[in-house]
Amino acid sequence: MVACDHVAWLQLAGAKDFTLTDTSRLKRVIWEMADPTSQTPSLLFFMGKKAKDVALRELFPRNNLKRNRANGFASVRLDTASISCNNPIIFADGAIDGTILPRQASGTCHENTTHPIQWQSPNTRMIVDVVFTRVILPFCSVLTLFADDFDNIDDITNCLVRWAAFGSFTNLPADVRPRLVIVLNEAKHSRRQVRELYIQLQERTHFRTTDLFSLVSTVYLSGESLSPLARHRSLKEEVFRQADEMREVYRRRHWLFSAVHLEALYREVLRHTASTIIEPFSFIRATRKYQGLAAADYSSHLQNFIRLGVKHAVPYECSASYVASSMMMNAYPPGAHLFEPRSVFQTVYMSACRDALKQVFDVESFVDYQCRRVENNFSSQFQYLETGHATSAELHWSNVRSKGNIWTTSKCNKSCLYCLLRSPEHVLDCGHAICDTCVRIFGKAMIGMEHHFSIDRCLLCVSRGSLEAKLKPPTSGVRLLSIDGGGTRGVVPLEFLMLLQEKLGSECALQDFFDLALGTSSGGLIVLILFLYRWDATRCSETFELIVKQFFSSRQGPAASLLSRLRGYFKCWISDGCLKGVFGPSRRMFDAPMSGPSGTKVAVTATSISDASPFLFSNYNSPGTRKRACGYKLLRHENVQDEVCVWEAARATSAAPILFRPANIAAYGAFQDGGLKHNNPINLALWESRHVWPEHSIPDVVLSLGTGTPELQSPRAPHFRHFLNDGFIPRLCRSFMSSLDGENTWKEVENRLDDTSRQNYFRFNVGMTDAPSIDDVTCMETLRRSVHFQPSGPSSLAELVSALLISCFYFQLDFLPHFESGFYRCEGSIRCRNNGTAIVNAMKRVYTSQLEFVTDSGTLADFNGRDDVCTWCHRYSKRLVFYVRHPTDTMSMYLRTSDQTRRRISGFPQSIEWFVKQQRLDATFGLPDHGTPGALLCCKCDRVGFPMQKLPRLPLKVNPGQSLFSSSGSSLGPQARKWNLGSPWHKYRKLLEEDQAGPAILAHGVESSFPIVAVKQSRSTEARSLTFTTHVNIVNILDSFLHEDVLYMVYEPMSVSLTEIQASPRGNLTEYEIAAVCTEVLQGINYIHSELNIVHGGISCQNTLLSRDGSVKIANIGESMLRTDALEEGADIRAIGSVLMALMEPGTSMRDPNSRTLTQPDRWSDAARRFFSRTDPGSCADLLKNLDEKMEDMSRTDTVGTRRRTFVMRE
């Protein structure tokens, strides 16, 4: 990589059409800091010429200001003296008149991002002033002007007046606007001139200094006789003092940005200023790049929630608190800047909140009152968030849980009641519906699968309610299944599906290969059985045959009236009973999954009896609303009780006219067979795909299954018209029947495709010389056999299997693209959206030759099969590194065989910029899904160190109504067992050495790579057996080996010790968290004393470990069992006192480890001090017995502690 010594921050270039170029210099400066995500720099700007250059050398003597090249509107540097401080100094400088380059500078040593200026300017002076006041000035803490570099004092006045004409941002709080320091020369500028300067500014009626600056001050430089250092000492003191004061103002006004946030906001301001100078820039809205709200949709969701609260008589204060905490979860995800809460509420949420309240309540005064109540709750809950003890999602969880079960009966299928922001896509088994984003926030990732989550407790039901959901990875493509209608001929697509399942193998469930499945009539019955009930293709075929035989064996008898027979040839009550028996009488379309995960989106078609308008009954909602003119409508009722049952949807989609009466659904109306409009629903599937996943314009695989078609013939026009056969009635009948032939629809779709896209579209059908009627049950076996002997179309089943398997692989970036010598380095990995091992095994059966991942420009890597499956987490992961010319260039990745045939993996063709946006890697201010807190982080696949970057959470989960300090430890009882003779390395494989309250070796089984264990060794062999423990507060012994006088003890692995937590940036625990730790440790000690009948003898912060799920455990129990010296139980109790002292006052404990006197007792409650005093003479049983009584008031008042806390350590 070419070394870069450029310091130009911003470049303005052009003669007639101007451009602003971000040289990425500020980004490079920020990433030179020790910890840019937590450091909060101050930006100082110095404007002038020679006097400015001299002053900079004296103010920042450690920076080599002569070495770097400056060629731009402004230059920026990092003060090397403060590079590791919490508040480093960034200083920038520029010329008075601004430097405009004749053309944009080019180079390959750093990344340049150019923004054309899209507004007109009468002169270049205006452009310079606008760029300075709109782009640079808002980020400055102190602006310093050097009077010596101006021609006279009047020029300073004119400069300030010009700036004020364009102004800074009007929504920038007045006191956070920069401070102005004017540097004067004592020998040149008199006091009278300064007074005249202020008088002139005041006389300009259109100018107010507060429009631009929060404070204006002057500094005089002493005479020339002094040394430069002494001469500029007063200036340095004044500028740094002003910077310190501004930092306190920023902190008080929640305007103190981290370095990373500062750079991200600068880029947003630059982009906004280049596009417009009329629209005001909002700092708050700029941080919500991925948190944006559609006002109409959000107001609608709030209305649904408020109406539910009114319906179930929920107190208004509880509703306001719930709405406020849901807003908090959206406004402040992890990584967000903590703007002042009332400003956030008024900027983002107030309008939608008022609109929603107005739709529910008629009294304007009550609307205002309730809106203020929501705002007050939002502000008060922010105070808990600001302490850093819990995330906003944890606060929302805690707030909802604190209200008990008042939300249990509140259910809605059109709004996610977890976040009140989006439409739900999944239903828990308790009946509450949840959106994809909330699944990621509150769910826990499942091992071995990508984007596969489980929820074991419902937020609204307090305890019950669970869900398993499989989400589509953001960078994977879409796979569609469409099945035609055809009555009894539905056995044809079923036979194709059984053949497809046979080719894929029993390890691969057919349902996992499609993201959206649509069916019409008999095809609708098939997709309902196959995907909602997840039955295999064979059982699905058997059930379908049972349904159609019952359907078409119930003809109206000869005694039926003519009117009755015209309404429907077959008895509808028999078909209704059959469908209820198969699908269940009460199971709804939008309901909890019967078996397996909630994943594939399913819809069936129906038409209205009035004008045959198409409708969809679905198990999903999808974002936003469809346009009224889209040609169809997706049905979803507001009331859960009125949601369409599965049997009703099946009845509607198969209600063929003449054969069956229309399906009357009370909440919606009367419907008939969907085949009257879309017998081949392929177009509906494509339209729905684009609406649900608008970012995926090209599907990975489209599979359309027909139910038989007449033998293909070339179109011809007859020369002879038969009097009877070609009359208008026969012609109308033939035309209508032709419109029902799904093959014609498929040809229309296929004719719109180019040759490349056609490779992803598959159609399977059978040709028939004499097509049977749709109610002929005697032809089904013949139709099944015809599938094996006469598959139609150019696509083969083998090609389809190959396409489906390869579509399981998708690419994701691991990091943002990095600019290197004119190219962008891209690092990422290929993942598998299904079970990696099963897909690899299927690939091995299909492809016998070597495969490789390639692009249009070359080979990326070999496909190594099972060797690419992670041995730790069992997910497929293939790391890749490649270069692109620019992130906006479109590219494709393929899987290529040895005969040079290739097929795109999922999601391509796309640009790297598209991957960045889909993964939201540039989301500096947090993500809507909060970064998926429950994601599975594998140190091998996800490039994190071991132990994990995120330390365990405190305190542990507490059941509702249970005190944190009650004894609840559980154990299966100790089991004495003699160690195994021989080396442990015959059974375990070493991974790496790791501190686990002492030296340990992390290992995994030779035959199974999960879970990880920690192996410790000792040379003490006095005892003949070890007691294998299973207590929740003990680091349990799993196995032991004796080899060559060395005892190897195999423990469960832990994440981090209390000592490491104390050393982290968030190491100071709250009183509630300390109580939680002591509770868990005391339960472990009580078990050691009462059940094991030993004394631990080594209780300390170093020996108290935390697991990844937050369990507090005592380490080195094996060493305690091997101990030969006699100790009293009181030693462990006194050690608890030492641990408590180290947690309450770490500084005192560090200075004097034996100290038992709190130097700051006022920081702690009376209950905490009393408990601390009892650790010296007390016993473990007494402490556990009295702990709840002594500290009950603290656990009751600390509501934040009822959730878990995340501690973050830097690698």
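Each residue of the sequence shown is one higher than the one before, counting from 2 in my numbering. Backbone N, C-alpha and C fix where the C-beta goes; we use that ideal spot for every residue, glycine too.
Notebook entry, point to check: Among S1101, F46, V401 and D537, which one has its Cα closest to the Cα of M1151?
Noted result: S1101
Item checked: Sequence-distant residues of its chain with Cβ nearer than 7 Å to R568 (five each side left out) -> Low confidence applies to R568: its pLDDT is 46, below 50, so where it sits in the model is not reliable enough to give any reading.
Checklist line | Residue range of the beta strand (DSSP E) that includes L216 | finding: L216 to L222
Notebook entry, point to check: Is the stretch 518 to 538 touching the stretch 492 to 503 in the sense that three or more CB pairs, one from each, lie closer than 8 Å?
Noted result: yes
Check: What residue ranges within the stretch 604 to 661 form continuous alpha helix (DSSP H) runs of no fewer than 4 residues, ordered along the chain?
Finding: 647 to 654
Note to self: In the DSSP output, what is D771 paired with across the bridge?
What the structure shows: According to DSSP, which records beta bridges pairwise, D771 is partnered with nothing at all.
Next item on the list: Could you check which residue in T608, T1028, F616 and G585 has the C-alpha nearest to that of W648?
Entry: G585
Next item on the list: Determine the direct distance from the alpha carbon of T1071 to that of H390, and round the result to whole angstroms.
Entry: 8 Å
Notebook entry, point to check: Beta carbon of Y317, beta carbon of Q371: below 8 Å?
Noted result: yes
Notebook entry, point to check: Considering only C-alpha positions, which residue in the set L500, D577, T1028 and F454 is nearest to P1213?
Noted result: There is simply no residue 1213 to check, as the chain begins at 2 and stops at 1212 in what is shown.
Note to self: Does the CB of A287 have a neighbour CB from chain C at under 8 Å?
What the structure shows: Absent from the structure: chain C. Only one protein chain is present.
Item checked: Three-way DSSP call (helix, strand, coil) for D356 in this model -> helix
Item checked: Residue range of the unbroken alpha helix (DSSP H) whose run includes K17 -> K17 -> no alpha helix (DSSP H), and no H or E assigned at all.
Notebook entry, point to check: If you compare alpha carbons, which of C833, F854, D363 and K602 is closest to C874?
Noted result: C833
Margin query: By the three-class DSSP mapping on this structure, what secondary structure does C833 have?
Written below: strand
Next item on the list: Determine, using beta carbons only, whether G95 and Q12 come nearer to each other than 8 Å.
Entry: no
Item checked: Contact set for A561: own chain, Cβ-Cβ below 8 Å, skip 5 residues either direction -> Note on A561: pLDDT 44, under 50, position unreliable in the model; the coordinate value appears next. Closer than 8 Å at Cβ, skipping near neighbours: no residue.
Margin query: If you follow the alpha helix (DSSP H) that E451 is in, where does it begin and where does it stop?
Written below: Run containing E451: none; DSSP gives neither H nor E here.
Item checked: Start and end residues, beta strand (DSSP E) containing S1019 -> I1013 to S1019
Margin query: So the candidates are L685, I659 and P658; which of them puts its Cα closest to the Cα of P615?
Written below: L685
Check: What are the boundary residues of the beta strand (DSSP E) that T1105 is part of?
Finding: T1105 to L1107
Note to self: Rounding to the nearest angstrom, what Cα-Cα distance links I659 and A671 in this structure?
What the structure shows: 15 Å
Notebook entry, point to check: Among N377, K471, S25 and S301, which residue has its Cα nearest to the Cα of E264?
Noted result: S25
Checklist line | Reference D674; option with closest CA among G486, E914 and A275 | finding: G486
Margin query: Taking the alpha helix (DSSP H) that R272 belongs to, which residues open and close that run?
Written below: A260 to S276
Check: Could you give the residue range of the alpha helix (DSSP H) that holds D130?
Finding: T125 to V132
Item checked: A671, enclosing alpha helix (DSSP H) - first and last residue -> Where A671 is concerned, there is no enclosing alpha helix (DSSP H), although the beta strand (DSSP E) it sits in stretches over G670 to D674.
Checklist line | 8 Å Cβ cutoff met for P1054 and A1015 | finding: yes
Item checked: Helix, strand or coil at Y350 according to DSSP, with G and I counted as helix -> helix
Next item on the list: Go to A314, then tell me how far its alpha helix (DSSP H) extends in each direction, as first and last residue.
Entry: First-last for A314: undefined, no H or E at that position.
Note to self: If you reduce the DSSP assignment to three classes, tell me which class T388 lands in.
What the structure shows: coil
Margin query: Between L526 and A604, how many whole angstroms is the CB-CB distance? I'm expecting something under 8 Å.
Written below: Not confirmed; about 13 Å, so no contact.
Next item on the list: Note down the Cα distance separating P795 from V428, rounded to an integer number of angstroms.
Entry: Reliability fails at P795, whose pLDDT of 43 lies under 50, so the model's placement of it is uncertain and the value that follows must be treated cautiously. Going from the Cα of P795 to the Cα of V428 covers about 41 Å.
Check: I1118 and T1030 look like a contact to me (Cβ under 8 Å); what is the Cβ gap, rounded to whole Å?
Finding: 6 Å
Notebook entry, point to check: Taking all protein chains shown into account, do 16 or more other C-beta atoms lie within 10 angstroms of the C-beta of H987, making it buried, or fewer, making it exposed?
Noted result: exposed
Margin query: By alpha-carbon positions, which one of Q760, H789 and G829 ends up nearest to E800?
Written below: Q760
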